[in-house]
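Contents: one structure, followed by commentary.
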Amino acid sequence: MLIEEGRIKAAFDSGVFVLKLCGDVRLTLCTTLDTQAQRLAQTPGLRAVMIDLREATNVDSTALGFLAKVAMAVKGRLAHPPTIIADNPDVRKMLDVMGFARFFTLMDAPLQQPSVLDAGLIDLPEEPADERGLRERILEAHRILMHMNEHNREQFQPLVEMLEAQNAEL
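Note that the UniProt record's numbering numbers the sequence shown so that position 40 is 40, with each residue one more than the last.
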């Protein structure tokens with residue numbers, strides 16, 4: 001089975017920000033996701049955030065950490081939590097296990113016609129990161145996940161400790 005390389009698309013229209021993840025979304029896209037989270041935190045007129053994972057075949061833990069950062073970036077600014085649309089059972093199970101329902105509204109299908117979500121989406125360029133920047137983002141993503149619930153803390157504590165030790169050596 002051929003694995004489709006990960007891509008991120010985005011659109012902002014009438015106060016609604018749509019972020020669409022496609023294919024195999026991994027840590028190589030975390031700089032792009034981080035940039036989007038930071039931009040959202042400062043976007044005037046933001047009314048809603050929708051994250052569409054229907055075309056995502058895999059979302060690794062680093063990318064999930066930055067999706068959680070998106071929720072934190074807009075916390076308190078929106079009337080409703082950000083929405084994640086995920087119909088892939090494996091992706092949905094991962095979101096459930098990681099505790100995303102506490103920070104997002106999780107749905108299997110959009111309330112609107114899919115074409116509305118796809119309107120105006122543009123491919124975001126993959127932002128490069130040097131090795132140190134990538135390591136710092138991986139660490140940040142997993143710290144965010146650890147703070148979401150006890151399960152995540154237990155899962156990611158060894159990785160975070162290892163990365164912290166590596167950073168201390170540099």
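Each residue gets a CB set at the ideal place from its N, CA and C atoms; glycine is no exception.
Fair warning: this is a prediction, and the values are worked out from it, not measured in the lab.
Start-end ranges of the beta strand (DSSP E) lying completely within the stretch 56 to 128, minimum 3 residues: 83 to 85, 105 to 107
Measure how close the beta-carbons of A48 and I122 come, nearest whole angstrom, since I'm counting them as under 8 Å. In this structure A48 is not in contact with I122, their Cβ atoms being roughly 18 Å apart against a cut-off of 8 Å.
Work out the CA separation of R135 and A168 for me, nearest whole Å. 12 Å
Mind reading off the beta-carbon distance from D24 to G45? Whole number of angstroms is fine, and I expect it under 8 Å. With a Cβ gap of about 33 Å, D24 and G45 do not count as contacting.
Check the C-beta distance from E140 over to T32 and give it rounded, since I have them as a contact under 8 Å. About 14 Å separates the two Cβ atoms, so there is no contact after all.
Rounded C-beta distance between C30 and K9? I'm assuming under 8 Å. That belief does not hold up - the Cβ atoms of C30 and K9 are roughly 16 Å apart, past 8 Å.
CA-to-CA distance, E131 to V160, given in whole angstroms: 16 Å
Which one of H142, G133, N149 has the shortest CA to CA distance from F103? The residue with the shortest Cα to Cα distance from F103 is N149.
Less than 7 Å between C-beta atoms, sequence neighbours within five positions excluded: which residues of the same chain meet that for R143? V160
Please name the residue in M162, V16, L170, F156 whose C-alpha comes closest to that of G65. F156
Determine the extent of the alpha helix (DSSP H) in which D34 is found, giving its start and end residues. Start and end: 30 to 41.
How big is the Cα-Cα spacing for G15 and L145? 27 Å
Between E55 and K20, is the Cβ-Cβ spacing less than 8 Å? Yes. Within cutoff.
Mark M162 as exposed unless 16 or more other C-beta atoms lie within 10 angstroms of its C-beta, in which case mark it buried. exposed
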